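One structure is given here, and the rest of the page talks about it.
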Amino acid sequence: MTTSDYRKMLKQLAPKPPKYQKFIKHNAPKKRSCGINRKRCRRCGTYHGYIGKYGLGLCRRCFREVAIRLGFKKYN
Ligand SMILES: [Zn+2]
4 MTTSDYRKML
14 KQLAPKPPKY
24 QKFIKHNAPK
34 KRSCGINRKR
44 CRRCGTYHGY
54 IGKYGLGLCR
64 RCFREVAIRL
74 GFKKYN
């Protein structure tokens with residue numbers, strides 16, 4: 004099975020602790036110090052169009068959807 008996020012598999016492995024540990028050991032992504040894969044949107048999980056400014060942590064598409072609720076105003 005392939006998933007976009009390895010953590011999705013953890014839910015079904017939770018009742019099997021030995022397999023759970025083994026799965027994490029072999030499938031958890033490497034901890035990265037830099038690079039595009041380090042930052043992902045906390046709302047939808049994409050790596051593209053990430054906005055880290057002002058501590059947003061959102062992609063540009065999610066930002067458009069929630070900007071007004073966050074208190075941003077369109078300039079013009
Ligand atoms: Zn997003």
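Count along the sequence shown from 1, then add 3; that gives the number in this note's numbering.
Quick reminder that beta carbons are idealized off the backbone N, C-alpha and C, glycines included.
No experiment lies behind these values; they were computed from the predicted model shown.
Is the region 30–41 close to the region 14–21, with three or more CB pairs under 8 Å? no
Could you check if ARG64 belongs to the surroundings of ligand 1, using beta carbon to heavy atom distance under 8 Å? Taking the sequence shown and counting its residues from 1, the one referred to as residue 64 is at position 61. Between ligand 1 and ARG64, a heavy atom-to-CB distance of less than 8 Å is present.
Residue ranges of each beta strand (DSSP E) run of no fewer than 3 residues wholly in the region 7–49, ordered along the chain? none
Use the C-beta contact count for LEU73: other C-beta atoms within 10 angstroms, 16 or more gives buried, fewer gives exposed. For this step, residue 73 is matched to residue 70 along the sequence shown. By the neighbour-count rule (16 or more Cβ atoms within 10 Å), LEU73 is not buried but exposed.
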